[in-house]
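Colleague: Residue numbers (UniProt numbering): 1 to 430. Backbone N, C-alpha and C define an ideal beta-carbon position, used for all residues, glycine too.
In C-alpha cells form, the structure reads like this:
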C-alpha cells in the first residue's frame with residue numbers, strides 16, 4: 001500500500017524538484033527527507049505550503065490514504081474553537097468534517113459537537129433538531145447511554161436559555177436518573193448535571209431545592225480535590241442560602257469558599273515559583289529536564305483551573321521547544337497559550353516572538369517580520385521597555401540579514417525615538 005511519503009516523493013519527482021528546492025521557504029531539506037521516508041508527519045500548515053509548491057490541490061497531495069490527517073486536523077481545530085467559545089469559527093469546520101468523514105471519526109460525536117455549536121450560536125430550533133436525532137440514535141439498541149445523558153444535559157441547557165424551566169428540569173432529572181441506572185462513573189458529567197439543575201431550580205424560584213441539589217455536588221468536588229470548583233460551589237451555596245433567608249448557613253458557606261480560594265492562591269504561588277526554577281534550569285542548559293517539569297506544572301495549573309498561569313507556563317514551554325528545534329511542538333504551544341491568555345498581556349508578545357523564531361527556522365522571512373512587529377507592538381503596549389528594545393533590535397537584524405538596510409535603519413530610528421520619549425516622560429533626559 002502506498003504511504004504518504006512515497007506519494008510525496010513521486011509528486012516531487014514528477015514536478016522535477018529536488019528535496020532542497022521543495023523544502024525552500026517551508027521546512028529544512030532533512031525534514032522533507034524524513035517525511036518521504038515516513039519518519040515524520042507534517043503539520044496541516046506545512047502540507048498546504050507543499051501543495052502550493054507542487055502546484056496541486058491539497059486533496060491530490062494527501063490522497064484518500066492520508067485524508068484522515070486533514071479531517072482529524074480540522075476536527076481538532078473545531079474542538080479547540082468550541083472550547084474557546086468561538087462557535088461561529090467552529091461551525092464551518094464541523095460542517096466540512098461531517099461531509100468528508102470517511103468513518104474514522106465517530107459520526108455521532110461530531111454531530112453532538114455540531115449541535116452544541118448551534119446551541120452556542122443560539123440557533124435553538126436547528127440545535128434541538130440535531131439533538132433529537134442523536135436522542136433517537138442513543139435510545140436505539142446500538143446507542144450509547146453516555147451520549148443519551150450528554151444530549152439530555154444539552155437539551156436542558158437549551159430549554160434553560162429559552163427560560164422554559166419545567167422542560168429544562170425534566171431533561172436534567174432524566175439525565176441524572178439515566179446516570180444512576182446505567183452505573184456510569186463520570187464525576188465531571190455528574191457535577192455538570194447537578195450544577196445545571198440547581199441553576200434551573202434557582203431561576204424557577206425553587207430556592208430550597210436548589211440548595212439541596214448543590215449539597216449533592218459537594219462530596220464529588222471534595223473527592224476530585226477540585227479546589228477552584230469547590231470554592232465556586234460554596235459561593236453558589238452561600239448565595240442560594242442568603243436568597244432563601246438562611247443567613248447562618250450562607251455565612252458558613254461563604255467562609256468555606258474563602259478558605260478554598262486562600263488554599264488555591266497558596267498552591268498557585270508555589271507552582272509559579274517552580275516555573276521560575278524550571279526556566280532557570282533551561283537557561284543553564286538542562287532543557288529536557290526543564291521541559292519535563294514545565295509540562296507537569298501545566299497539568300497542575302489546569303487541574304486548578306488557572307488559565308492565565310497555564311498560559312504563562314505554556315509560553316515558557318514554547319520558548320524551550322523552539323530552542324530545542326521542536327518547531328511543531330513550539331507552534332502548537334503558542335496556539336494553546338494564545339487562547340489561554342488575555343488579549344493584552346506581555347506573554348502575548350513572547351508568543352509572537354516565538355512564532356517569529358519558528359518562521360525564521362522555516363526560512364519564512366515575511367511571516368517572521370510580521371510576528372516580530374506584533375511582538376514589538378505588544379511589548380510597547382504592555383510597557384516592557386527592555387523587551388521592546390531587544391525585539392526591535394532583532395527585527396532590525398532580520399531586515400539586515402536580507403539586505404533590506406533601509407528598513408533596518410527605520411526600525412532602529414523608531415526604537416530610538418520611543419526610548420527618548422519614554423525617558424523624557426520619566427524626566428531623565430538631559
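Look at residue 119 and residue 153 and say whether their C-beta atoms are less than 7 Å apart.
Modeller: No; because the gap between Cβ atoms is not below 7 Å, this pair is not in contact.
Colleague: Alpha carbon to alpha carbon, how far is residue 80 from residue 110? Give it in angstroms, no decimals.
Modeller: Their backbone Cα atoms lie some 13 Å apart in a straight line.
Colleague: Counting only beta-carbon atoms, is residue 302 nearer than 7 Å to chain B?
Modeller: No chain B appears in this structure, which consists of one protein chain only.
Colleague: Considering just the uninterrupted stretch of the alpha helix (DSSP H) at residue 284, what are its terminal residues?
Modeller: It is not in any alpha helix (DSSP H) - residue 284 carries neither H nor E in the DSSP assignment.
Colleague: Residue 184 and residue 146 look like a contact to me (Cβ under 8 Å); what is the Cβ gap, rounded to whole Å?
Modeller: Indeed they touch by this definition, with Cβ atoms about 6 Å apart.
Colleague: What is the DSSP secondary structure of residue 85, counted as helix, strand or coil?
Modeller: Coil, per DSSP.
Colleague: Thinking just about the alpha-carbon of each residue, which of 280, 409, 198, 165 is nearest to the one in residue 216?
Modeller: The option with the nearest alpha carbon to residue 216 is 198.
Colleague: Under 8 Å, with one C-beta from each stretch per pair, do the stretch 322-329 and the stretch 251-260 reach the 3-pair mark?
Modeller: Counting Cβ pairs under 8 Å, fewer than three are found: no touch.
Colleague: Assuming the contact rule is C-beta atoms closer than 8 Å, residue 289 and residue 281 should be a hit. Round their C-beta distance to whole Å, please.
Modeller: The pair is a contact, with the Cβ atoms about 6 Å apart (cut-off 8 Å).
Colleague: Who are the near neighbours of residue 91 in its chain, counting only those whose CB is closer than 6 Å to its CB and skipping five residues on each side?
Modeller: Cβ neighbours of residue 91 beyond the five flanking positions: 117.
Colleague: Residue 340 and residue 300 look like a contact to me (Cβ under 8 Å); what is the Cβ gap, rounded to whole Å?
Modeller: About 14 Å separates the two Cβ atoms, so there is no contact after all.
Colleague: Within 10 Å of its beta-carbon, does residue 5 have 16 or more other beta-carbons around it, so buried, or fewer, so exposed?
Modeller: Classification for residue 5: buried.
Colleague: Would you kindly work out how many angstroms separate the C-alpha atoms of residue 54 and residue 45, rounded to a whole number?
Modeller: Between residue 54 and residue 45, the C-alpha separation is close to 15 Å.
Colleague: If you measure between the beta carbons of residue 244 and residue 200, is that distance less than 7 Å?
Modeller: Taking 7 Å as the Cβ cut-off, residue 244 and residue 200 do not qualify as a contacting pair.
Colleague: Tell me where the alpha helix (DSSP H) around residue 380 begins and ends.
Modeller: Note, residue 380: alpha helix (DSSP H), 365-381.
Colleague: Using DSSP with H/G/I as helix, E/B as strand and the rest coil, what is residue 18?
Modeller: Note: residue 18 maps to coil in three-state DSSP.
Colleague: Please list, in chain order, all residues of the same chain as residue 42 whose beta carbon is under 6 Å from its beta carbon, the five residues on each side excluded.
Modeller: 35, listed in sequence order.
Colleague: Taking only runs that begin and end inside the stretch 164-246, name each unbroken alpha helix (DSSP H) of 4 or more residues, in chain order.
Modeller: The qualifying runs are 165-181, 187-203, 207-224, 227-243.
Colleague: Taking the alpha helix (DSSP H) that residue 40 belongs to, which residues open and close that run?
Modeller: Careful: residue 40 lies outside any alpha helix (DSSP H) and carries neither H nor E.
Colleague: Which residue wins for smallest C-alpha separation from residue 175, given the options 164, 166, 165, 189?
Modeller: Cα-wise, what sits closest to residue 175 is 189.
Colleague: Indicate the three-state DSSP secondary structure (helix, strand or coil) for residue 343 in the structure shown.
Modeller: DSSP places residue 343 in coil when its eight states are reduced to three.
Colleague: Measure the beta-carbon distance from residue 264 to residue 311 and round it to whole angstroms, keeping in mind my assumption that it falls under 8 Å.
Modeller: About 17 Å separates the two Cβ atoms, so there is no contact after all.
Colleague: Is the distance from the Cβ of residue 323 to the Cβ of residue 354 below 7 Å?
Modeller: The answer is no: Cβ separation not under 7 Å.
Colleague: List the whole-angstrom C-beta distance separating residue 56 from residue 26, where the pair is believed to meet the contact cut-off of C-beta under 8 Å.
Modeller: At roughly 15 Å, the Cβ-Cβ gap does not stay under 8 Å, so residue 56 and residue 26 are not in contact.
Colleague: Can you tell me whether DSSP reads residue 357 as helix, strand or coil?
Modeller: Helix, per DSSP.
Colleague: Could you tell me the distance, in whole angstroms, from the CA atom of residue 76 to the CA atom of residue 417?
Modeller: Near 45 Å, if we compare the C-alpha coordinates of residue 417 and residue 76.
Colleague: Alpha carbons only, please: which of 100, 128, 419 is nearest the one belonging to residue 160?
Modeller: Out of 100, 128, 419, 128 has the C-alpha closest to the C-alpha of residue 160.
Colleague: What's the C-alpha gap between residue 20 and residue 396?
Modeller: Rounded to the nearest angstrom, the two C-alpha atoms are 28 Å apart.
Colleague: Can you grab the Cα-Cα spacing for the pair residue 218 / residue 298, in whole Å?
Modeller: So the two alpha carbons sit approximately 26 Å from each other.
Colleague: Using only the alpha-carbon positions, how far apart do residue 32 and residue 22 sit?
Modeller: So the two alpha carbons sit approximately 8 Å from each other.
Colleague: According to the neighbour-count rule (16 or more other Cβ atoms, all chains shown, within 10 Å of its Cβ), is residue 334 buried or exposed?
Modeller: By the 10 Å Cβ count, residue 334 comes out buried.
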